[in-house]
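Residue numbering for the sequence shown follows this note's numbering, starting at 48 and increasing by one per position. Cβ atoms here follow ideal geometry from the backbone N, Cα and C, with glycine treated the same way. In this text, all values refer to a predicted model and were calculated from it rather than measured experimentally. Structure first, then comments.
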Amino acid sequence: MCSDVAWASHMGSFSVTSPNVHAIPFMPTGQVSLRMRSDGRYGEHDFTLCPQAFSQDHVHRTLVRTCDSSHNSHLACIWWTPTTSDFAFLPNSAYGDLGRCTSGRLSEIQVLGTLLTKRIANFTFQRHDVDSAKLLVLASSMRHAILTLQCHPYSFPEMVIGVAYAQRLYLDALALTDYLERGFEARMCNSGVYVQPRLSHVHGASSTDIEIVHRLQLAGLPAYFVVPRQDALVLGATHIDPSPPSPSFASYEWTECHTAVTMPILYTGDASAAMHNAMSLPPRHASLERLFFGFDDDFKVVPIGTRGTVVVTGGAPSGLSQVQRDKWAEITGDYVPLTVPGWSAALKRVDRHTRLAVPAPKRFTGYRIPDPGMIIYSETRRERNIFAWLVSRSANLRRLSNALGTEDGVPDGFSNELWRVYLCTDVGQDDLMAGQRLDRTIAGSFNGRAPAAQRRRAAVSIFGRPPDKFNLQEATWNEHLIRWGTAFHHDPRLVQEIMWDLHWSSFRFDLIALDRFLAPDRWISHKYKRLDALSTITGCSDALVYEDGRIENLGIASDITFERN
Numbered sequence: 048m049c050s051d052v053a054w055a056s057h058m059g060s061f062s063v064t065s066p067n068v069h070a071i072p073f074m075p076t077g078q079v080s081l082r083m084r085s086d087g088r089y090g091e092h093d094f095t096l097c098p099q100a101f102s103q104d105h106v107h108r109t110l111v112r113t114c115d116s117s118h119n120s121h122l123a124c125i126w127w128t129p130t131t132s133d134f135a136f137l138p139n140s141a142y143g144d145l146g147r148c149t150s151g152r153l154s155e156i157q158v159l160g161t162l163l164t165k166r167i168a169n170f171t172f173q174r175h176d177v178d179s180a181k182l183l184v185l186a187s188s189m190r191h192a193i194l195t196l197q198c199h200p201y202s203f204p205e206m207v208i209g210v211a212y213a214q215r216l217y218l219d220a221l222a223l224t225d226y227l228e229r230g231f232e233a234r235m236c237n238s239g240v241y242v243q244p245r246l247s248h249v250h251g252a253s254s255t256d257i258e259i260v261h262r263l264q265l266a267g268l269p270a271y272f273v274v275p276r277q278d279a280l281v282l283g284a285t286h287i288d289p290s291p292p293s294p295s296f297a298s299y300e301w302t303e304c305h306t307a308v309t310m311p312i313l314y315t316g317d318a319s320a321a322m323h324n325a326m327s328l329p330p331r332h333a334s335l336e337r338l339f340f341g342f343d344d345d346f347k348v349v350p351i352g353t354r355g356t357v358v359v360t361g362g363a364p365s366g367l368s369q370v371q372r373d374k375w376a377e378i379t380g381d382y383v384p385l386t387v388p389g390w391s392a393a394l395k396r397v398d399r400h401t402r403l404a405v406p407a408p409k410r411f412t413g414y415r416i417p418d419p420g421m422i423i424y425s426e427t428r429r430e431r432n433i434f435a436w437l438v439s440r441s442a443n444l445r446r447l448s449n450a451l452g453t454e455d456g457v458p459d460g461f462s463n464e465l466w467r468v469y470l471c472t473d474v475g476q477d478d479l480m481a482g483q484r485l486d487r488t489i490a491g492s493f494n495g496r497a498p499a500a501q502r503r504r505a506a507v508s509i510f511g512r513p514p515d516k517f518n519l520q521e522a523t524w525n526e527h528l529i530r531w532g533t534a535f536h537h538d539p540r541l542v543q544e545i546m547w548d549l550h551w552s553s554f555r556f557d558l559i560a561l562d563r564f565l566a567p568d569r570w571i572s573h574k575y576k577r578l579d580a581l582s583t584i585t586g587c588s589d590a591l592v593y594e595d596g597r598i599e600n601l602g603i604a605s606d607i608t609f610e611r612n
């Protein structure tokens, strides 16, 4: 058999042998304990860093590029790990830990991603005989991950994790493209004796099955046979090297306040397809999940997350209530952008009394972005509402983006009342400390007419981490500084832009939620086709990515009839 071993290296209680690789690199052997490390990768078990156990479900990963080959020098940015010098905090944000990546490496990754996306599009257009579904999913995920890094805010740890995730998707998509384009599926099925020249710029794979090692060798891929330590000589290895040192990336843990923090274990057990699947999952960020709260089935205020129940107490408010705004009537005025005539006419034709026979679950309803009418309707609150929204907007867009990556893919919506409390509650340090001392295991109370201090402390107990609007005197809109209390002193166009952004944002996220509710089966079977369709409808490059600086109607919302059609 052509896969007779020649070279071997001891690694732990195993020997790794190879029929076609002289200098055997480090690779994991034995049981797997998969967890994220400080660079956002998975240490010795990350398929982008060193050879992994062969998986039939992920056979293309044998073609993942190596970082130390001159053949891959143009891909250097794909193994770059950002540092604090690559991160800039957002100006005038209520959440002081949010920022963006400032490194030019991110633009290099974006260019590589664009080129690979075009290559994949050309391949799928020309090769209808090849099942490209998995490749298209990888391409869409990669594009979304890169655009998210370019357009959305994040904390520094999230930037590190996000960059590693985008790089992992790129290498995965590149490997699958090479696998399909260059006929490696046929090579792997070759039962002949002709051995393809070995590729030196890819990782290959290891296995305890000699037949798989044989197939890898025939295909011209680095092949590694893992055997008990004492069996290497029995198999005929003529060169046994000492164990290669464990690389530094295998030991770097996350640190907080100079203390090592072990990340959660995602998978334990034998190296398998399940291990590969765990590394394919998108990262989840839950650090803002407790900023918002909702109503339970009894219409009591309860936090979204893990905090204790909050019960509404007290009788009905006395006195006359303010005249309620008709939410079906268009908002007009100097500070509101004009409505597209076609949409204005359509609103008047809607039968507001018709309801669904089966109401949508709560996660599909509510306001994902504050209702523009609520923001501007009250003359006494509009200045405060707009300022509070601007200083917390980035954090909220981050929350929406993260929620779109969940299984449901629908960000939670909230009522106007809850948005009003969120935007209008200032919390000082004393309130923060007092609120954090509340016993969260005991039902508290929330009363919108309670004294201000009580409302602030209740807000801390509910939100967990309220926005730090208290110490901010300036907000930023499209690089324009707005001092507290002056939003309506500027040209009306400035407020119009903010209101347009609120309308546009609500439309996009509501459309995604509505489509997921009405066509769940299509999302299960054709998720990325639905996303591409929504991108076309909304006139954007990615339906899930938020791009700042746009203040014009595009897609189905365009003022131009031809574009709407």
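Let me know if residue i comes out buried or exposed under the rule of 16 or more other beta-carbons within 10 Å of its beta-carbon.
i	result
P350	Legend: pLDDT at P350 = 37, less than 50; position of this residue unreliable, value from coordinates given subsequently. Buried is the call here.
V357	Any reading at V357 needs caution, since the residue's pLDDT is 29, under 50, leaving its predicted position unreliable; the model's value is listed next. By the 10 Å Cβ count, V357 comes out buried.
D93	buried
S295	exposed
N525	exposed
P613	No information on residue 613 is available, as it lies outside the stretch 48 to 612 that the chain covers here.
R467	buried
P458	buried
G251	buried
C236	exposed
W570	buried
A320	exposed
A614	A question about residue 614 goes unanswered here, because the residues of the chain that appear run from 48 up to 612.
G209	buried
I529	buried
D548	buried
Q99	buried
A213	buried
T161	exposed
W375	exposed
F172	exposed
E205	buried
V79	buried
T401	exposed
L137	buried
W54	buried
CB-CB under 7 Å to residue i, same chain, minus the five flanking residues each way: which ones, in chain order?
i	result
M546	Y382, V383, P384, P419 and I423
T228	First, the residue type needs correcting, since residue 228 is Glu and not Thr in the sequence shown. Answer for E228: F170, listed in chain order.
R431	C471
T164	A186 and R190
A363	At A363 the pLDDT is 40, less than 50, meaning the model places this residue with poor confidence and gives no usable figure here.
P72	C97, P98 and P291
T195	G209, S448 and V592
A135	G146, R147 and T149
Opposite residue i in the DSSP bridges: which residues?
i	result
T533	Note: T533 sits in no beta bridge, so no partner.
P204	Looking at the DSSP assignment, P204 forms no beta bridge with any residue, so it has no partner.
Y314	L81
Y217	The partner list for Y217 (beta bridge, DSSP) is empty, contrary to what the question assumes.
S254	F272
Q99	A252
V308	W301
Y424	Bridge partners of Y424: none, in fact.
H527	W524
F461	Y414
R112	V249
Ordered along the chain, which non-local residues of its own chain (more than five positions away) have a Cβ less than 6 Å from that of residue i?
i	result
V273	F61, V63, T76, S253 and T255
R88	A211
A450	P458
D104	A320
P330	I208 and Y212
E521	N139, L528 and R530
R429	I423
Using a Cβ-Cβ cutoff of less than 8 Å, which residues in the same chain neighbour residue i once the five nearest sequence positions on both sides are dropped?
i	result
D562	W570, R577 and L581
W301	M83, R84, S85, P204, A307, V308, T309 and M310
Practice item. Inspect the CB distances between the region 52-65 and the region 80-95 and report whether three or more fall short of 8 Å. Key: Short answer: they don't touch.
Check your understanding: Is it a yes or a no for the region 265-276 touching the region 241-255, going by three-plus beta-carbon pairs under 8 Å?
Key -> Judged by Cβ distances under 8 Å, the region 265-276 makes contact with the region 241-255, as three or more pairs qualify.
Point to revise | the region 123-131 in contact with the region 146-153 per 3-pair CB rule at 8 Å | key: Enough Cβ pairs lie closer than 8 Å, so yes.
Practice item. Let me know the beta strand (DSSP E) ranges lying completely inside the region 133-175, each 3 residues or longer, listed in chain order. Key: Complete beta strand (DSSP E) runs here, min 3: 134-136 and 146-148.
Point to revise | Inter-stretch contact at 8 Å, needing at least 3 Cβ pairs: the region 215-227 / the region 171-182 | key: Touching, yes.
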